[in-house]
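*Asks:*
Numbering (this note's numbering), first residue to last: 274 to 548.
1. Taking 8 Å as the threshold, find out whether the stretch 445–463 comes into contact with the stretch 493–500 through three or more Cβ pairs.
2. Throw me the rounded Cβ distance for the residue 469 and residue 483 pair, which I believe falls under 8 Å.
3. Quick check on residue 445 - is its C-beta less than 7 Å from some C-beta in chain C?
4. Please say whether residue 528 and residue 221 have beta carbons closer to each other than 7 Å?
5. Identify the continuous alpha helix (DSSP H) that holds residue 482 and give its terminal residues.
6. Rank 505, 379, 385 and 431 by C-alpha distance to the C-alpha of residue 403 and give the top, closest one.
7. Hey, how far is the Cα of residue 520 from the Cα of residue 324?
8. Can you tell me where the alpha helix (DSSP H) holding residue 519 begins and where it ends?
9. Quick check on the DSSP output: the beta strand (DSSP E) that includes residue 368 runs from which residue to which?
10. Using only the alpha-carbon positions, how far apart do residue 390 and residue 408 sit?
11. Quick check on the DSSP output: what are the complete beta strand (DSSP E) runs of length 3 or more inside the stretch 367–453, in order along the chain?
12. So what does DSSP say about residue 337, is it helix, strand or coil?
13. Would you check if there are 3 or more beta carbon pairs closer than 8 Å linking the stretch 412–431 to the stretch 381–401?
14. By DSSP, does residue 322 sit in helix, in strand, or in coil?
15. Identify whether residue 504 lies in helix, strand or coil by the three-state DSSP scheme.
16. Specify the secondary structure class of residue 490 as computed by DSSP and reduced to three states.
17. Quick test of the definition: if touching needs 3 or more C-beta pairs under 8 Å, does the stretch 534–541 touch the stretch 347–367?
18. Classify residue 491: buried if its beta carbon has 16 or more other beta carbons within 10 angstroms, exposed otherwise.
19. Where residue 397 and residue 316 are concerned, what is the direct C-alpha to C-alpha distance, given to the nearest angstrom?
20. Taking DSSP as the reference, what is the three-state secondary structure of residue 496?
21. Please determine, among 411, 400, 485 and 518, the residue with the shortest C-alpha to C-alpha distance to residue 439.
22. For residue 340, tell me which candidate among 447, 501 and 428 has the shortest Cα-Cα distance.
23. Using only alpha-carbon positions, find the residue among 386, 377 and 378 that is nearest to residue 371.
24. Going by Cα to Cα distance, which pick from 449, 441, 451 and 437 is closest to residue 461?
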């Protein structure tokens with residue numbers, strides 16, 4: 274159920290859940306909550322109360338791309354977007370440990386379908402010995418009069434304490450990509466600091482809670498750094514331009530879908546969009 278086992282139970286009472294893959298079983302909701310869990314629950318209540326008065330609208334994701342011609346046209350993409358949820362909850366939505374599909378649909382076909390998520394017994398050899406998670410998704414595509422789905426198999430290394438995730442494609446992960454890897458991190462955004470904290474610039478949730486009187490909302494900034502390079506024959510000049518544009522646009526659409534999911538959790542009716 275993610276970092277907080279009670280989170281899914283709270284969501285199910287307040288939002289309409291997307292379809293869930295059959296190969297994932299829900300965990301029972303635990304009654305006892307930690308200090309951080311109580312703070313997170315309090316933030317979710319503040320968000321829902323605030324959105325009944327005025328709906329919060331996340332700004333559109335920002336994307337910057339640099340093509341490294343020294344490395345055979347390797348594309349380096351940086352994207353940032355805001356989720357109107359506290360960081361731990363945002364991290365749960367991003368890691369999607371219940372393997373749900375949150376994506377926009379067209380004719381009943383989601384842009385990005387969650388197929389499976391397997392936490393393996395293997396561990397990362399680096400610092401933290403993070404568990405290795407294997408994720409499979411299906412990406413819908415259209416080109417001229419043609420359409421279909423592309424299997425995507427990725428390996429994730431999740432660090433819930435630092436709110437960071439590293440990922441890379443499996444050996445046969447994306448047949449159109451030779452290279453595909455990246456990292457995303459989640460950081461707190463104290464969106465009411467200027468209004469409630471006056472001349473104080475909070476540097477931690479504790480400082481923010483104190484200067485805002487416990488009434489300040491905490492959002493999340495998601496930073497994504499991703500590198501990719503098309504495989505042959507998709508690396509040819511015209512095809513590589515199409516693949517680069519398609520990858521960037523699709524990544525941005527996925528971020529926008531996550532923002533829609535965040536608004537649904539805050540109590541705003543889900544907006545239907547097509548790809």
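All C-beta atoms, glycine included, are put in the ideal place defined by N, C-alpha and C.
*Replies:* In brief:
1. yes
2. Residue 469 to residue 483, Cβ: 11 Å. No contact.
3. Absent here is chain C; the protein component of the structure consists of one chain.
4. Outside the shown range of the chain (274 to 548) lies residue 221, about which nothing can therefore be said.
5. 478–484
6. 431
7. 33 Å
8. 510–538
9. Taken as a continuous stretch (DSSP letters only), residue 368 belongs to no beta strand (DSSP E), being part of the alpha helix (DSSP H) at 360–368.
10. 5 Å
11. 385–396, 404–416, 419–432 and 437–442
12. strand
13. yes
14. helix
15. coil
16. coil
17. yes
18. buried
19. 33 Å
20. strand
21. 400
22. 501
23. 386
24. 437
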